[in-house]
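A.B. asks:
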Amino acid sequence: MKAGYLSLATALLMLAPTVRADDQPITPADDTELARDLELLQGKWEMRHGMDATGKPTILSIRTITDNTETVERFDIRTGEVKHRHTVQFQLSKSGNVRVFTFFVVGANPSRGASAVYKVDKENLWDVPGLLQGGDYRNYQSRPTLWHWKRVAGPAGDSD
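Take the sequence shown: its letter number 90 is residue 90 in full-length UniProt numbering, and every next letter is one higher.
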């Protein structure tokens, strides 16, 4: 009987969302994995997308991350013209074992932002909006989409 209760308690703990005692999400200040992710995110990332009829990308997006601020610039690959630029703040957190990237208007409350599941390593950043459900996070896409960013090597991209 004790083994059954112990198994049930262990299962419930594994399924419970990861939060601090004050019901706030786990952040880089609380979690060494998120702190490492924040360190890995620093620098420049690029993604080529928006394929034309021949399958060639039409848009180059550059994502520059400094501390908890991100600037995204989108360029027309053919002309080099800047098509869009915005700057946001972001916060990293966890929902269970899932890592969450939430971006929001500079100076605003993160709860007003939009979130995506992410994974980062030294050379790659993947973010997947459209997966999170419930009231804790806001999706900015209705269906899941995988975005794959690659680190820009060299000055300011810093791939060592």
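Cβ atoms here follow ideal geometry from the backbone N, Cα and C, with glycine treated the same way.
#1: What are the partner residues of ILE77, as DSSP defines its beta bridges?
#2: Distance, Cα to Cα, ARG63 vs HIS49?
#3: Going by C-alpha to C-alpha distance, which of THR66, LEU131 and LEU60 sits closest to ASP76?
#4: Does the distance from the CB of LEU92 to the CB of THR27 come in under 8 angstroms?
#5: Report the residue ranges of all beta strand (DSSP E) runs contained in full by the stretch 45–123; include only those spanning at least 3 residues, in chain order.
#6: Just how far apart, CA to CA, sit TYR140 and LEU146?
#7: Cutting at 7 angstroms between CB atoms, please list the residues of its own chain near PHE101, excluding the five before and the five after it.
#8: Can you tell me whether TYR5 is buried or exposed? The criterion is at least 16 other CB atoms within 10 Å of its CB, across all chains shown.
#9: Pull the bridge partners of residue 183 from the DSSP assignment, please.
#10: Can you say whether ASP31 is buried or exposed, counting buried as having 16 or more other CB atoms within 10 angstroms of its CB?
#11: Round the Cβ separation of THR54 and ARG78 to the nearest angstrom and send it over; I've been treating them as touching at under 8 angstroms.
#12: From what residue to what residue does the beta strand (DSSP E) around ARG151 run?
#13: Spatial neighbours of VAL120 within its chain, please: CB distance less than 7 angstroms, with the 5 preceding and 5 following residues excluded, ordered by chain position.
#14: Keeping to the same chain, check which residues put their C-beta closer than 7 angstroms to that of VAL82; ignore five residues upstream and five downstream.
#15: Output yes if chain B places a C-beta closer than 8 angstroms to the C-beta of HIS84; else output no.
C.D. replies: In short, the structure shows the following:
#1: As a first step, residue 77 must be located in the sequence shown, where it is residue number 77. None; ILE77 has no bridge partner.
#2: On the sequence shown, position 63 is the one that residue 63 refers to. On the sequence shown, position 49 is the one that residue 49 refers to. Answer to the nearest angstrom: the Cα atoms are 13 angstroms apart.
#3: Taking the sequence shown and counting its residues from 1, the one referred to as residue 76 is at position 76. Among THR66, LEU131 and LEU60, the Cα nearest to that of ASP76 belongs to LEU60.
#4: Sequence index remark: in the sequence shown, residue 92 carries index 92 (1-based). Sequence index remark: in the sequence shown, residue 27 carries index 27 (1-based). Yes, these two residues count as a Cβ contact at 8 angstroms.
#5: 57–66, 69–76, 82–95, 98–104 and 114–120
#6: Translated into positions along the sequence shown, residue 140 becomes position 140. Translated into positions along the sequence shown, residue 146 becomes position 146. For TYR140 and LEU146, the distance between alpha carbons rounds to 13 angstroms.
#7: If you number the sequence shown from 1, residue 101 lands on position 101. PHE90, LEU92, SER115, ALA116, TYR118 and ASP127, listed in sequence order.
#8: Taking the sequence shown and counting its residues from 1, the one referred to as residue 5 is at position 5. Low per-residue confidence applies at TYR5: pLDDT is 38, beneath 50, and the placement is therefore not dependable, though the value from the model is reported in the following sentence. By the 10 Å Cβ count, TYR5 comes out exposed.
#9: This structure cannot settle anything about residue 183, because the visible part of the chain is limited to 1 through 160.
#10: As a first step, residue 31 is located in the sequence shown; it is residue number 31 there, counting from the start. Its Cβ being crowded by 16 or more others within 10 Å, ASP31 is buried.
#11: Position 54 of the sequence shown, counted from the first residue, corresponds to residue 54. Position 78 of the sequence shown, counted from the first residue, corresponds to residue 78. THR54 to ARG78, Cβ: 12 angstroms. No contact.
#12: On the sequence shown, residue 151 is found 151 positions in, with the first residue counted as 1. Where ARG151 is concerned, the enclosing beta strand (DSSP E) stretches over 147–151.
#13: Residue 120 sits at position 120 when you count from the first residue of the sequence shown. The residues are ASP37, LEU40 and LEU41.
#14: Taking the first residue of the sequence shown as position 1, residue 82 is located at position 82. Excluding residues within five positions, the ones whose Cβ falls inside 7 angstroms are GLU73 and PHE75.
#15: Reference to chain B is not applicable here, since this structure consists of a single protein chain.
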